[in-house]
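Have a look at the structure below, then the notes.
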Amino acid sequence: MHVCVLGGGVVGVTTAYLLACDGHSVTVIEQHSEAGAETSYANGGQLSYSYVAPLAGPSVISHLPGWLLSKQAPLRFKPSLDPAQWAWCIEFLRNCTASRSQQTTVELLRLGAYSKAVMQNLMREESLDFAFSRSGKLVVYRDRQAFAGAKRLMDFQAQFGTQQIALDAAACVDTEPALHAVRSSLVGGIFTASEETGDCYQFTQGLARVAAQKFGVQFLYGVELKGLRREGEQIVAATTSRGDVVADAYVVALGNSSPSLLKPLGIRLPMYPLKGYSLTVPTGKQHATPHISVTDLHHKIVYAKLGDCVRIAGMVDMTPAGSREDAARIRLLQSQAQATMPEAGDYSATQIWTGARPTTPDSKPILGSTGFTNLWLNTGQGSLGFTLAPASAQLVVDAISGRKPALDLEPYALKDRNVGRRYPLDAAN
Ligand SMILES: Cc1cc2nc3c(=O)[nH]c(=O)nc-3n(C[C@H](O)[C@H](O)[C@H](O)COP(=O)(O)OP(=O)(O)OC[C@H]3O[C@@H](n4cnc5c(N)ncnc54)[C@H](O)[C@@H]3O)c2cc1C
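All residue numbers for the sequence shown refer to my numbering, where the first residue is 172 and numbers rise by one.
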């Protein structure tokens with residue numbers, strides 16, 4: 172079968188690679204001149220298989236005033252007149268009950284565990300150089316209530332096979348000496364030895380190279396997808412800046428552009444871009460670089476050593492793209508990072524990046540069929556796109572190839588979401 176993958180980020184490239192492994196002929200359409208140049212470019216580098224709890228949870232309501240009013244809050248929400256923003260927020264609030272949040276956590280844990288297995292398989296098959304490390308992850312807490320909640324979540328997750336231990340503040344600094352400057356403000360942490368890190372951009376680039384060289388996947392770089400042409404219940408062509416691309420099946424892996432490109436077909440994807448920022452700080456022998464991955468939950472900042480630099484990422488902002496506040500948010504991220512790990516690297520040579528997570532209200536990706544017989548979805552991985560790309564891609568590839576996927580696709584399907592309309596054809600006809 173000839174499959175056209177729309178989008179060459181980590182999700183699209185992983186899908187293209189696994190489709191090609193399965194014997195399909197594959198074309199990837201990507202508007203940039205290379206793979207992984209958008210949201211997959213300089214993310215936090217966490218392969219966070221066990222830290223998957225959704226953003227929507229019971230504690231959201233008490234935090235809302237801070238998100239609206241405080242410029243220092245790790246999450247910022249600036250109301251706009253955009254109806255898509257309001258629709259997303261209403262769905263998000265519906266997902267904040269304890270039972271929904273717990274159910275989603277379980278569904279994402281399953282996806283995370285499967286992703287780790289697919290990634291291990293992929294790494295056995297291909298030698299990819301992407302600063303991969305089985306680093307383990309330490310999440311540190313600065314407030315007792317949040318730490319108590321984390322310990323409850325740890326106990327809950329243990330029944331699903333997650334192995335984690337709780338540490339007191341001294342043990343946190345023993346485990347990661349780069350935290351010594353904030354020793355007195357820590358109350359404890361949760362350590363997960365099985366977590367991993369890597370550079371998402373390098374991974375995407377490496378896998379794209381393997382897909383092209385070993386399997387003949389065709390990458391159409393610098394080509395903009397304009398839309399999808401339909402006849403009845405079938406997609407017959409992808410219309411692009413360089414003419415039509417005709418395939419037997421099409422996979423949407425367009426990240427934040429997925430909703431707008433599917434809207435003309437009557438498909439409403441419940442996704443919204445949630446902005447974040449990262450700092451890439453070079454390190455040398457004289458620096459006290461963290462050797463494991465660290466999350467400072469109070470500030471919602473992650474630290475990962477990726478080769479000869481430290482990647483520091485954080486903030487979740489629902490503010491307009493390129494807004495005036497971005498510079499202030501980056502300054503805040505820089506100052507909090509420097510206060511937490513002052514000797515982690517050469518902060519004067521920091522590279523700054525802004526990206527936006529393609530996020531659903533329940534934090535689950537949208538995978539599988541659309542109601543069009545040959546149009547498939549693999550999008551909406553939100554803050555876990557690097558982590559979940561292998562599982563998401565394998566599940567969608569299995570469905571396209573007519574095999575039973577290893578996990579039930581129902582929890583991640585579009586039709587299961589509270590989006591009002593179950594299938595696209597009612598609007599498109
Ligand atoms: C600050 C920050 C930190 C993060 N940290 C982590 C982390 O530590 N771990 C983790 O797992 N995830 C993390 N994420 C999330 C992760 O980066 C994303 O979920 C992931 O990159 C999404 O991949 P994607 O392939 O869906 O989207 P993208 O990488 O954006 O790929 C979509 C591609 O589609 C292309 N495209 C769009 N429209 C068109 C068009 N019309 N024509 C042609 N091409 C088009 C784009 O150019 C793009 O290359 C983070 C995100 C941010 C912002």
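Note that beta-carbon positions come from the ideal geometry of N, C-alpha and C, so glycine has one too.
Check                                                                                                                                                                                 : Outcome
Can you tell me whether A598 is buried or exposed, with buried defined as 16 or more other CB within 10 angstroms of its CB?                                                          : With a pLDDT of only 36 at A598, under 50, the local geometry of the prediction cannot be trusted, and the value read off the model is given with reservation. A598 should be labelled exposed.
Between the stretch 376-389 and the stretch 499-515, do at least 3 Cβ pairs fall closer than 8 Å?                                                                                     : no
Would the beta-carbon of T289 fall within 7 Å of that of P561?                                                                                                                        : The question names Thr, yet the displayed sequence has Val at residue 289. Yes.
Examine the Cβ distances between the stretch 449-464 and the stretch 570-585 and report whether three or more of them are shorter than 8 Å.                                           : no
Cβ-heavy atom distance between F327 and ligand 1 below 6 Å?                                                                                                                           : no
With respect to 6 Å, is the separation between the Cβ of I501 and the closest non-hydrogen atom of ligand 1 below this value?                                                         : no
Would DSSP call Y212 helix, strand or coil?                                                                                                                                           : coil
Measuring alpha carbon to alpha carbon, tell me which of F318, T451, V487 ends up nearest D370.                                                                                       : T451
Please state if the CB of V344 and the CB of H351 are separated by a distance shorter than 7 Å.                                                                                       : yes
Going by DSSP, which residues form a beta bridge with Q552?                                                                                                                           : T530
In three-state terms, what does DSSP make of P348?                                                                                                                                    : helix
Quick check on K249: buried or exposed, where buried means 16 or more other Cβ atoms within 10 Å of its Cβ?                                                                           : exposed
Could you pull the start and end residues of the beta strand (DSSP E) that C267 belongs to?                                                                                           : It is not in any beta strand (DSSP E) - C267 carries neither H nor E in the DSSP assignment.
Give every residue of the same chain whose Cβ lies closer than 7 Å to the Cβ of V590, excluding the five residues on either side of it in the sequence, and list them in chain order. : With a pLDDT of 48 at V590, under the threshold of 50, the predicted position of this residue should be treated as unreliable, though the coordinate-derived value follows. Answer for V590: R439, P441, listed in chain order.
Taking Cβ positions, are A206 and T363 nearer each other than 7 Å?                                                                                                                    : no
Do you know whose CA, among R323, A227, L246, lies nearest P236's CA?                                                                                                                 : L246
Compute the distance between the beta-carbons of P430 and F263, then report whether it is under 7 Å.                                                                                  : no
Identify the continuous beta strand (DSSP E) that holds R482 and give its terminal residues.                                                                                          : 480-489
Confirm, please, whether the CB-CB distance from L538 to I406 is below 7 Å.                                                                                                           : no
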